[in-house]
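Here the structure is laid out as structure tokens; the discussion comes afterwards.
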Amino acid sequence: MKWRLRVAVILSIAVLFTWTWLASLWLSGSKQVELGKFESQDGSIYSGAWVGGYDKAHWDDWTALMGGKPAGISHTFEGFDTHFSYDLSVADEREAVPLITWQPDDPDPGVIARADRSSIDQPTDEIILRNAKYSVDYGKPIFLRIGQEMNGYWMPWCALNEDATSRDHTAADFGNMWRRIVIIFRGGYVRDINLRLTEHGMPPLDAGTGSVDGLDIPPGSEADSYIEPASNVAFVWTPNEASTPNVDGNRPADYYPGDEFVDWVGQDFYNSPWNQPRFILRDKLDSFYAEYSLNRGKPYMVGEYGVSSYTGDDPSFIDNTLSWAKNRDRVKALVYFNGRTESSGQDHRLAYYPNSADALKTGLAKPEFTNEVFPGPTTNTGTYLSWTRRMSPFLEEL
Numbered sequence: 014m015k016w017r018l019r020v021a022v023i024l025s026i027a028v029l030f031t032w033t034w035l036a037s038l039w040l041s042g043s044k045q046v047e048l049g050k051f052e053s054q055d056g057s058i059y060s061g062a063w064v065g066g067y068d069k070a071h072w073d074d075w076t077a078l079m080g081g082k083p084a085g086i087s088h089t090f091e092g093f094d095t096h097f098s099y100d101l102s103v104a105d106e107r108e109a110v111p112l113i114t115w116q117p118d119d120p121d122p123g124v125i126a127r128a129d130r131s132s133i134d135q136p137t138d139e140i141i142l143r144n145a146k147y148s149v150d151y152g153k154p155i156f157l158r159i160g161q162e163m164n165g166y167w168m169p170w171c172a173l174n175e176d177a178t179s180r181d182h183t184a185a186d187f188g189n190m191w192r193r194i195v196i197i198f199r200g201g202y203v204r205d206i207n208l209r210l211t212e213h214g215m216p217p218l219d220a221g222t223g224s225v226d227g228l229d230i231p232p233g234s235e236a237d238s239y240i241e242p243a244s245n246v247a248f249v250w251t252p253n254e255a256s257t258p259n260v261d262g263n264r265p266a267d268y269y270p271g272d273e274f275v276d277w278v279g280q281d282f283y284n285s286p287w288n289q290p291r292f293i294l295r296d297k298l299d300s301f302y303a304e305y306s307l308n309r310g311k312p313y314m315v316g317e318y319g320v321s322s323y324t325g326d327d328p329s330f331i332d333n334t335l336s337w338a339k340n341r342d343r344v345k346a347l348v349y350f351n352g353r354t355e356s357s358g359q360d361h362r363l364a365y366y367p368n369s370a371d372a373l374k375t376g377l378a379k380p381e382f383t384n385e386v387f388p389g390p391t392t393n394t395g396t397y398l399s400w401t402r403r404m405s406p407f408l409e410e411l
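Under the numbering used here, the first residue of the sequence shown is numbered 14, with each subsequent residue one higher.
Here is the structure:
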């Protein structure tokens, strides 16, 4: 009987040791991190979409395509001199959080950085102040993505042409434009805003600014004027996954405005052939993710992704993208581009790719993904702590 008791004790110790060892392995892959603005508290990933239009019918079609589960992020695009009020009302109708991609196509980044005038002869600072005020009055979380894919020549705000010749504005102009917008959105007394602008080599707030379009905006000419901070706005910086042209002066680092001015980082990528084999795409994503998300403590958003008419229906691309996201702790948002790109003629609408649509519907139904955006904290670096997802080396990705 004694030997049986000894065996039982030894087995119990072995089981206890095994479970302790497995728990330590799990915890070694998990750690507590400080959350960024509006980053999910439980580690889940937000789903979002540009649905190809602004009306409710487009949104309902997307929701039906995803098996009745709506996206949590409503993605819309605007030119620089337009109002945010429409995008915000669209997001409200959809009961989603707005992601506004603000495109500095005309005027270009240099004009905005210098506080000059827009193509409709409006002070660019006035446009910034107007949209900051719309954001303040909205009062709920807003993701604001400025000048996406700035390292791709197809975007007018890229500093270089396809043949690597220079345009009228530079990558430094892009950084100054971004910093100017953020400084003005973050508000405060005009004298303090002007101090921050001049510290970064830019002119002070346009003294001719003030109330516009029925919005009560304090005059920029008075040092004691107080601009209410748009603390409900998270700034999202998303270059293209590949710099084109791939030359010095056109890399993501050339356009990065600085940690102080960026809340979320990310990339745009598609399954088009110029993205090279998928293991190369994965390596590019991982390199950027390590440098700008992990090393800088920023949550990561895929600002755009999608299948394309070049390659056709490609559910494996969807599966691998979702797998890649789930196994990167700070990837916290995926925003599908469900539209047609006019410049290239590429069609990314999933209605034409049923297998890819089914793959995304199945993937987004899993518990790692959510359409409920965490509404806080609103500071630039959060005070909440969250267990990170543990990365598995056994899953195939991209």
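Glycine residues also receive a C-beta, built at the ideal position from the N, C-alpha and C atoms.
Looking at the structure shown, is L40 part of a helix, part of a strand, or coil, going by DSSP?
Here L40 scores only 41 on pLDDT, less than 50, and its place in the model is too uncertain to base an answer on.
In or out: N189 buried (at least 16 other Cβ within 10 Å) or exposed?
buried
Run the CB neighbour count on I133, radius 10 Å, all protein chains shown included, and call it buried at 16 or more, exposed below.
exposed
Could you check what DSSP says for F292 in three-state terms: helix, strand or coil?
helix
Locate the alpha helix (DSSP H) running through T257, then write down its first and last residues.
For T257, no alpha helix (DSSP H) segment is defined, and its DSSP state is neither H nor E.
Roughly how many whole angstroms lie between the Cα atoms of D276 and P312?
8 angstroms
Taking its Cβ as the centre, do 16 or more other Cβ atoms sit within 10 Å of L363, making it buried, or is it exposed?
Buried, by the Cβ-count rule.
According to DSSP, simplified to helix, strand and coil, what is H88?
strand
Going by C-alpha distance, which of P328, D267, S306, S357 is nearest C171?
D267
Under the DSSP definition of a beta bridge, which residues are partnered with V2?
Residue 2 lies beyond the range of the chain shown here (14 to 411); nothing can be said about it.
For S300, count the other beta carbons within 10 Å of its own beta carbon; 16 or more makes it buried, fewer makes it exposed. Which is it?
exposed
Between R107 and S87, is the Cβ-Cβ spacing less than 8 angstroms?
yes
Reducing DSSP to helix, strand and coil, say where T137 ends up.
helix
Look up D281 in the DSSP assignment and say whether it is helix, strand or coil.
strand
Give the DSSP-derived three-state secondary structure of L218 in the structure shown.
Note: L218 maps to coil in three-state DSSP.
If we ignore side chains and look at the alpha-carbon of each, how far apart do S98 and A184 end up?
29 angstroms
Do you know how far the Cα of L218 is from the Cα of N340?
Near 44 angstroms, if we compare the C-alpha coordinates of L218 and N340.
Throw me the rounded Cβ distance for the E304 and D281 pair, which I believe falls under 8 angstroms.
Wrong, their Cβ atoms sit about 17 angstroms apart, outside the cutoff.
Within the same chain, show all residues whose beta-carbon is closer than 6 angstroms to that of I50, passing over the 5 residues directly before and after it, in chain order.
Residue 50 is actually Lys in this sequence, not Ile. So the list reads A247, D276, once near-sequence residues are dropped.
Classify R353 as helix, strand or coil using the three-state DSSP reduction.
R353: strand per DSSP, three-state reduction.
Who does V225 pair with in a DSSP beta bridge?
L228
Looking at the structure shown, is W7 part of a helix, part of a strand, or coil, going by DSSP?
With the chain represented from 14 up to 411, any question about residue 7 goes unanswered, as that position is not in the structure.
Report the rounded CA-to-CA distance for R199 versus D326, giving the unit in angstroms.
Going by the C-alpha atoms only, they are around 43 angstroms apart.
Looking at the structure shown, is A346 part of a helix, part of a strand, or coil, going by DSSP?
DSSP places A346 in the strand class (E or B) of the three-state scheme.
Whose C-beta lies closer than 7 angstroms to the C-beta of K379 among residues of the same chain, with five residues either side of it excluded?
Hits under 7 angstroms: none found.
For L208, count neighbouring C-beta atoms within 10 Å of its own C-beta (all shown protein chains included) and say buried if the count is 16 or more, exposed if not.
exposed
In its own chain, which residues sit with a C-beta less than 6 angstroms from the C-beta of T114, not counting the 5 before and 5 after it?
Contacts found: F90, R158, Q161.
Going by beta carbon distance, what residues of the same chain come within less than 6 angstroms of D119, once the five residues before and after it are set aside?
S132
Compute the Euclidean distance between the alpha carbons of P111 and L101, then round it to the nearest angstrom.
6 angstroms
Go through its chain and collect everything with a Cβ distance to G279's Cβ below 7 angstroms, but skip five positions before and after it.
V249, T251, Y313, M314, V315, G316
Given that a residue counts as buried once 16 or more other Cβ atoms are within 10 Å of its Cβ, and exposed if not, what is A70?
exposed
Please look up how many angstroms separate the CB atoms of W215 and A84, rounded, as I've assumed it's under 8 angstroms.
The residue you asked about is not Trp; residue 215 is Met in the sequence shown. At roughly 36 angstroms, the Cβ-Cβ gap does not stay under 8 angstroms, so M215 and A84 are not in contact.
Considering only their Cβ atoms, is the gap separating N368 from P328 smaller than 8 angstroms?
Yes; because the gap between Cβ atoms is below 8 angstroms, this pair is in contact.
If you run the structure through DSSP and keep just helix, strand and coil, what is V386?
coil
Cα-Cα, which of A220, V124, Y147 is closest to D181?
V124
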